[in-house]
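K.L.:
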Ligand code: SF4
Ligand code: F3S
Ligand code: FES
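Numbering (this note's numbering), first residue to last: 272 to 520.
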């Protein structure tokens with residue numbers, strides 16, 4: 272039999288809601304998602320929460336725990352002091368559907384808007400052999416589990432609905448960087464595109480996205496900063512600019 276712990280969980284829907292108090296048993300080794308499940312099983316069967324793998328791999332159980340965006344299934348209860356009240360709220364950047372479930376379709380729209388990988392048209396299957404070094408260069412970005420914690424935490428959109436239209440967000444900046452590093456990506460210039468059409472200029476490198484990423488992807492240092500630097504170099508270095516002009520002809 273575990274100890275009783277105090278919880279506050281946001282309950283409501285798009286019309287509004289409130290924090291509700293609960294006292295619930297917590298056993299050694301449990302994570303916040305276990306506690307949510309116990310609440311559903313014992314006190315409040317209609318508490319809505321999205322989850323799937325309980326192993327930090329599906330990216331479904333994103334929530335805010337004591338104000339920090341985290342995965343419920345990867346946040347151990349031992350993180351908190353025994354007398355601490357644990358407050359669980361839905362992701363703030365996306366519209367609430369019910370309780371802890373938010374509508375994350377903003378992210379799917381941004382995914383659709385990102386031009387897909389397209390190899391050169393004249394390249395026949397088997398003509399190109401990928402080198403291991405090319406595979407490894409962007410390996411880090413492919414670890415993304417699409418939990419959208421980075422999207423949720425970025426201040427550019429967190430309290431600024433008006434920026435959502437123009438800003439793709441850190442998850443899609445790593446997608447752009449990944450494609451930029453692909454030796455066969457023959458789509459438009461990814462760096463220019465990220466700057467001109469994905470709103471990368473809004474990012475002022477606060478690194479909050481990197482801090483919350485459960486996959487420890489170095490979003491800012493390895494994707495955003497290199498993409499920004501190269502755009503700046505090209506835009507403002509007259510020699511680079513001239514070189515590009517000449518080679519384009
Ligand atoms: Fe989640 Fe990290 Fe992917 Fe962002 S980059 S969606 S925080 S796994
Ligand atoms: Fe936002 Fe990350 Fe830039 S949090 S401001 S995208 S460094
Ligand atoms: Fe899959 Fe938490 S339930 S990441």
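Using N, Cα and C, we set each Cβ at its ideal position, and we do this for glycine too. The model shown is predicted, which means the values in this text are computed figures rather than measured ones.
(1) Is residue 451 closer than 8 Å to residue 461 when the C-beta atoms are compared?
(2) Given 7 Å as the limit, tell me if residue 486 has its C-beta closer than that to any heavy atom belonging to the ligand SF4.
(3) Taking only three categories from DSSP, how would you classify residue 280?
(4) Measure the CB-CB distance between residue 280 and residue 318 and report whether it falls below 8 Å.
(5) Tell me whether residue 300, by its Cβ, gets closer than 7 Å to a heavy atom of the ligand COA.
(6) Nearest to residue 336 by CA position, among 365, 358, 283, is which residue?
(7) For residue 293, list the residues DSSP reports as bridge partners.
(8) Relative to the C-alpha of residue 477, which candidate in 314, 352, 422 has its C-alpha closest?
(9) Roughly how many whole angstroms lie between the Cα atoms of residue 304 and residue 400?
(10) DSSP three-state call for residue 335: helix, strand or coil?
(11) May I ask whether a heavy atom of the ligand F3S can be found less than 7 Å away from the beta carbon of residue 475?
(12) Measuring alpha carbon to alpha carbon, tell me which residue in 463, 454, 496 is nearest residue 474.
(13) Distance check for residue 398 and residue 471, CA to CA, integer angstroms please.
P.N.:
Reading from the atomic positions:
(1) yes
(2) yes
(3) strand
(4) yes
(5) By its list of ligands, the structure shown excludes the ligand COA, since it contains just the ligand SF4, the ligand F3S and the ligand FES.
(6) 358
(7) 278
(8) 422
(9) 44 Å
(10) strand
(11) yes
(12) 496
(13) 34 Å
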